[in-house]
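Novice:
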Amino acid sequence: MEYLLIIISAIFVNNVVLAKFLGICPFIGVSNKVKTAIGMSGAVAFVMVIATLVTFYIQKLLDMYHIEFMQTITFILVIASLVQMVEIVLKKVSPALYQSLGIFLPLITTNCTVLGVAILAVSEPAYGAAEAAVFALANALGYGLALVIFAGLREQLELAEVPSAMKGVPIAFITAGILALAFMGFSGLC
Amino acid sequence: MDKKNPTLLSMVLVLLGIALVCSAGVAAVYNATKPVIDTARQTKKVKTVSKVLPQFDNSPIDEAFTIVSADNDSLLCYPAKSNGETVGYAVSSFSNKGYGGKIEVLVGFLPDGTIFNTEVVSLNETPGLGDKSQKSKSNWAEQFNGKNPESYKLAVKKDGGDVDAITAATITSRAYTGAVELAYKTFMGYIKGAKPEAVSGATQQAEPQN
Amino acid sequence: MSKFQIFSKGILKENPALVLILGMCPTLGVTTSAINGLGMGVATMFVVVLSNIIISLIKNIIPNNVHIPAYIVVIASLVTILQLVMEAYVPALYDSLGLFIPLIVVNCLVLGRAEAFANKNNAIDSALDGLGMGLGFTLALTVLGAAREMLGSGSIFGLKFIEGDGIIGFVLAPGAFLVLGLLIAGANLLSKKIYKKEE
C-alpha cells in the first residue's frame, strides 16, 4: 500500500516534469519523436534508480561524518561518474541496449531529474533504501509518461499551422501548459 | 603541459588538485557561515515557540522532551513555565497528507488542553491556495485559537467537523487539522497518563486529581 | 566583438532563458512571484560569473579529456558556497527556492557558458559574458515571476493591487508553461524587429 501510494503520487499527482519542473531541457529538446522520447526515458530510468540507491548510502556516510554540506558536490560527482560507468558497462555487456540508449547517456549528467530525485529521496526521512528505489523508479516512469505523451502531441503539432513567432519552442511550452492542466485533474487522488 | 595527450598521472594530479582547492574553499565558507546559520535557526525556533505559547520565563527549547503518539510517532514537546508554574506546552506535530507532502505545525496548548495558538514550521503547499494556512498569508489558522478540542471537533466541515476549510484547498486544511489533532491526542495522552511518572515530585503535588 | 557586445548579447540577442532555452527548470519552478524570480536570477548570476572567471583562469592547466569533471567540481563548489551563504543571510529566500538552489549545478546555462565561452576566452571577457548572461537570465525570470504574480495573486513584489484572489492557475504549474511560452514568442517578435532594422 505504502509503495502504491509512492508510485501513484510520483507518476500522476506530483509528476516530475509537469508539477515539479525537473528535466525540462530534455523534455523540450528530445521530445520531437516518440521513438527518441522512449529511448531517453529508458536511459533516465536506468540511471535514476542506480543513482538514487548509491546516493542514498552516500548520504548515510555524509551524515555519519557530519559533512552534509558536501551533499551537492558528492552527489553530482557520483552521478557523473555513474553515467560514465553505465555507458562503459552497457557497451561491453549489452551492445544492443547500448545502441538504443547510448546516445542519450552523456546528456543525463546535466538532466536535473536525476540529481533532483536523488536529493528529494534522501530528504524524506521516512524512506528506507527500498522506498527510495521505488520512488526513483516511479519518478522515472512519470518522466517517461510525460515525455512520450508530449512527443506524441508534438508529432501532430508539426502538421499544424502556427503563427511564425510561436513556431517551435513557444508552442511546445503552451502545449506543455495544457498537458500540465490535464495532469492537475489527478490531484487529490491520494 | 600537453593538453591533447595528457599522461594518466597529470590527469589525476590536476583533478586531485582542483578537488582539494575546491573542498578547502567550501570548508572555509562552511566554518565561516556555521555560527550565523546556527543562530538563524535557533532564533527562528525560539520565535516560533514563543508565538504559540503564553508569556513564559523559562527556556522551553532546552527543556524539550518527547511524547509518543498512539501510532508510535515521537513528537517534541516544549513546556512553558512562568514563575515555576507550567503555563502551556508547545507540541511539534506533522501530517504527511498535505498536497505537497509533509506539513509541520507547532501547536501550543494551555495545560487544560485548550489550543492557544498554532504556527506552521514548514510546508510545501501550493502558492496562492494551500499556503494560506500560514499566518503570514491569511488569518485562516486563527480559528483554532482558544478552542478546546473536547467541544470542538477537529475535522473540516466537509468531514463533519467544526473547522472551516480554506477555499479550494481542502486537502491542505485536512492535513493541517490532522496535525493539530495528532498534537492534541498525543498531548492529552501524555497529560492524563504518563505525567505522574515523567515529572519531578514538586510539580506532581500541585497536580489536581482528576 | 567589443567588450560591450560581449556583455550585452546575453540580455536579448542570446538571452539564455528566452532565446537559447537554457536553464528551464528553475525558470519554471521558482517564478511563482517576482521576488523569487529575482532571487533565483541573482543566485544563478553569482555562480555563472564566478565559474566563468575561474574556468577561464584554469583552462590551460586542465587536460582536454578531464575538463568536464573538473568544471563540474568547480561549479558544484560554487553552488555549495552559495547555498551556505544564502542559508546564513537570506534564510527566507533560501527556504522558498528550496531544491532549485542545489540544482543550479545542473543548470545547462552554467556549464554551457563554461564550455562555449570561458573555455576559449580570457578572464575579463568571461566575466563580462557571465554578467550579461546572468542579467539576461535574471531579467527573464523576474518578468516571468512578475507576470505570474500579477495574474495569479493580484500583487507585484508582494504588494497587493487587487483585493482577493487572482487567477490561481497562473501560480500553478500550467500557468508557468503558458506564460513562458508567450514570453518566448514575444522575445522572438521583439528581436526580429530590432535586428531587422540593424541589417
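Protein chains in written order, with my numbering: chain A, 1421 to 1610; chain B, 83 to 292; chain C, 10 to 208.
All residues carry an ideal CB built from backbone N, CA and C; glycine is no exception.
#1: Do you know offhand how far Ala284 (chain B)'s Cα is from Gly166 (chain B)'s?
#2: Of all Cβ atoms in chain C, is any one closer than 8 Å to the Cβ of Ile1496 (chain A)?
#3: For Pro231 (chain B) and Cys1445 (chain A), what's the separation of their Cα atoms in angstroms?
#4: What are the boundary residues of the beta strand (DSSP E) that Tyr171 (chain B) is part of?
#5: Under 7 Å between beta-carbons, which chain C residues line up against Ala41 (chain B)? List them in chain order, please.
#6: Determine the chain C residues that contact Val202 (chain B) at a beta-carbon separation under 8 Å, and present them in chain order.
#7: Do Leu1525 (chain A) and Ala1465 (chain A) count as a contact pair if the criterion is CB distance below 8 Å?
#8: Helix, strand or coil for Ile248 (chain B), going by three-state DSSP, please let me know.
#9: Quick check: the Cα distance between Lys277 (chain B) and Ala257 (chain B), rounded to an integer number of angstroms?
#10: For Pro111 (chain C), count neighbouring C-beta atoms within 10 Å of its own C-beta (all shown protein chains included) and say buried if the count is 16 or more, exposed if not.
#11: CA-CA distance, Asp155 (chain B) and Ala265 (chain B)?
#12: Distance, Cα to Cα, Ala106 (chain B) vs Val83 (chain C)?
#13: Based on DSSP bridge pairs, tell me the residues matched to Pro316 (chain B).
#14: Quick check: what's the CA-CA separation for Leu202 (chain C) versus Leu168 (chain C)?
#15: Excluding the 5 residues preceding and the 5 following Lys229 (chain B) in the sequence, name in chain order all residues of the same chain whose CB lies nearer than 6 Å to its CB.
#16: Please list, in chain order, all residues of the same chain as Phe191 (chain B) whose beta carbon is under 8 Å from its beta carbon, the five residues on each side excluded.
#17: Kindly list the residues whose CB is nearer than 6 Å to the CB of Ala288 (chain B), restricted to its own chain and excluding five residues on each side of it in sequence; keep chain order.
#18: Quick test of the definition: if touching needs 3 or more C-beta pairs under 8 Å, does the segment 1546-1560 of chain A touch the segment 1429-1443 of chain A?
#19: Give me the Cα-Cα distance between Tyr1423 (chain A) and Phe1555 (chain A), rounded to the nearest whole angstrom.
#20: If you follow the beta strand (DSSP E) that Lys184 (chain B) is part of, which residue opens it and which one closes it?
#21: With a threshold of 6 Å on Cβ separation, who are the neighbours of Tyr160 (chain B) within its own chain once the five nearest residues in sequence on each side are excluded?
#22: Looking at the C-beta of Ala149 (chain C), does it have a partner C-beta in chain B at a distance below 8 Å?
#23: Name the residue from C:Phe179, C:Ile193, C:Gly195 whose alpha carbon lies nearest to the alpha carbon of Ser1601 (chain A).
#24: Please identify the residue among C:Asp174, C:Met142, C:Gly141, C:Gly145 whose C-alpha is closest to the C-alpha of Arg157 (chain C).
#25: In chain order, what are the residue ranges of uninterrupted beta strand (DSSP E) at least 3 long that sit wholly in the segment 1492-1578 of chain A?
#26: DSSP state of Phe1441 (chain A), grouped into three classes?
#27: So, does the CB of Gly38 (chain C) fall closer than 8 Å to a CB anywhere in chain A?
#28: Measuring only the C-alpha atoms, how far is Ile90 (chain C) from Ser164 (chain B)?
#29: Got a sec: is the Cβ-Cβ distance from Phe1441 (chain A) to anything in chain B below 8 Å?
Specialist: Well, looking at it:
#1: What you label residue 284 (chain B) is simply residue 202 of the second sequence in a count that begins at 1. What you label residue 166 (chain B) is simply residue 84 of the second sequence in a count that begins at 1. Note that Ala284 (chain B) scores 39 on pLDDT, short of 50, meaning its location in the model is unreliable; the coordinates nonetheless yield the value given after this. Roughly 10 Å separates the two Cα atoms.
#2: By 1-based counting over the first sequence, the position of residue 1496 (chain A) is 76. Cβ-Cβ to chain C under 8 Å: yes for Ile1496 (chain A).
#3: The residue labelled residue 231 (chain B) in the question sits at position 149 within the second sequence. The residue labelled residue 1445 (chain A) in the question sits at position 25 within the first sequence. CA-CA distance, Pro231 (chain B) to Cys1445 (chain A), rounds to 50 Å.
#4: Translated into positions along the second sequence, residue 171 (chain B) becomes position 89. Residues 167-180.
#5: Residue 41 (chain B) is absent from the model: chain B starts at 83 and stops at 292.
#6: Taking the first residue of the second sequence as 1, we reach residue 202 (chain B) at position 120. Chain-ordered listing is empty here: chain C has no CB closer than 8 Å to the CB of Val202 (chain B), the nearest sitting near 11 Å.
#7: The count along the first sequence starts at 1 and reaches residue 1465 (chain A) at position 45. The count along the first sequence starts at 1 and reaches residue 1525 (chain A) at position 105. No, the Cβ-Cβ distance between Ala1465 (chain A) and Leu1525 (chain A) is not below 8 Å.
#8: In the second sequence, the residue the question calls residue 248 (chain B) occupies position 166. DSSP places Ile248 (chain B) in coil when its eight states are reduced to three.
#9: Against the second sequence, residue 277 (chain B) aligns to sequence position 195. Against the second sequence, residue 257 (chain B) aligns to sequence position 175. Caution applies to Lys277 (chain B), whose pLDDT of 47 falls short of 50 and renders its modelled position unreliable; the model cannot decide the point.
#10: Looking up residue 111 (chain C) in the third sequence gives position 102. By the 10 Å Cβ count, Pro111 (chain C) comes out buried.
#11: Taking the first residue of the second sequence as 1, we reach residue 155 (chain B) at position 73. Taking the first residue of the second sequence as 1, we reach residue 265 (chain B) at position 183. Straight through space, the alpha carbons of Ala265 (chain B) and Asp155 (chain B) are spaced by roughly 11 Å.
#12: Sequence index remark: in the second sequence, residue 106 (chain B) carries index 24 (1-based). Sequence index remark: in the third sequence, residue 83 (chain C) carries index 74 (1-based). If you take the alpha carbons of Ala106 (chain B) and Val83 (chain C), they lie about 12 Å apart.
#13: Outside the displayed range of chain B (83 to 292) lies residue 316 (chain B), so it cannot be described from this structure.
#14: As a first step, residue 202 (chain C) must be located in the third sequence, where it is residue number 193. As a first step, residue 168 (chain C) must be located in the third sequence, where it is residue number 159. Sequence inspection shows Lys at residue 202 (chain C); the Leu mentioned does not correspond to that position. Spanning the two alpha carbons is a distance of roughly 34 Å.
#15: Counting from 1 along the second sequence, the entry for residue 229 (chain B) is found at position 147. Around Lys229 (chain B): Ile197.
#16: Counted from its first residue, the second sequence places residue 191 (chain B) at position 109. Cβ neighbours of Phe191 (chain B) beyond the five flanking positions: Gly170, Tyr171, Ala172, Val173, Ile197, Phe198, Ala265, Tyr266, Phe269.
#17: For this step, residue 288 (chain B) is matched to residue 206 along the second sequence. Unreliable placement is indicated for Ala288 (chain B), whose pLDDT of 41 sits below 50; the coordinate value is still reported in the next sentence. So no residue of the chain qualifies.
#18: The segment 1546-1560 of chain A, when compared against the segment 1429-1443 of chain A, does touch it at the 8 Å Cβ threshold.
#19: To locate residue 1423 (chain A), count along the first sequence from 1; it is residue 3. To locate residue 1555 (chain A), count along the first sequence from 1; it is residue 135. About 8 Å.
#20: Looking up residue 184 (chain B) in the second sequence gives position 102. 183-191 is the span of the beta strand (DSSP E), which, as asked, contains Lys184 (chain B).
#21: Position 78 of the second sequence holds residue 160 (chain B). Once the five neighbours on either side are set aside, the close Cβ partners of Tyr160 (chain B) are Val131, Pro142, Ala146, Ala172.
#22: Translated into the one-based positions of the third sequence, residue 149 (chain C) becomes position 140. Residue-level contact by beta carbon fails for Ala149 (chain C) and chain B, as no gap is shorter than 8 Å.
#23: Along the first sequence, read from residue 1 onward, the residue named residue 1601 (chain A) stands at position 181. Residue identity differs from the one stated: residue 1601 (chain A) is Leu in this sequence, not Ser. Looking at C:Phe179, C:Ile193, C:Gly195, the one whose alpha-carbon comes closest to that of Leu1601 (chain A) is C:Phe179.
#24: Taking the third sequence and counting its residues from 1, one reaches residue 157 (chain C) at position 148. Comparing Cα positions, the closest option is C:Asp174.
#25: Those beta strand (DSSP E) runs which fall completely within the segment 1492-1578 of chain A and span 3+ residues do not exist here.
#26: Against the first sequence, residue 1441 (chain A) aligns to sequence position 21. When DSSP states are grouped into helix, strand and coil, Phe1441 (chain A) belongs to the coil group.
#27: By 1-based counting over the third sequence, the position of residue 38 (chain C) is 29. It does; some Cβ of chain A falls within 8 Å.
#28: In the third sequence, the residue the question calls residue 90 (chain C) occupies position 81. In the second sequence, the residue the question calls residue 164 (chain B) occupies position 82. When rounded, the distance between both Cα atoms is 42 Å.
#29: Position 21 of the first sequence, counting from 1, holds the residue named residue 1441 (chain A). Phe1441 (chain A) does not count as touching chain B.
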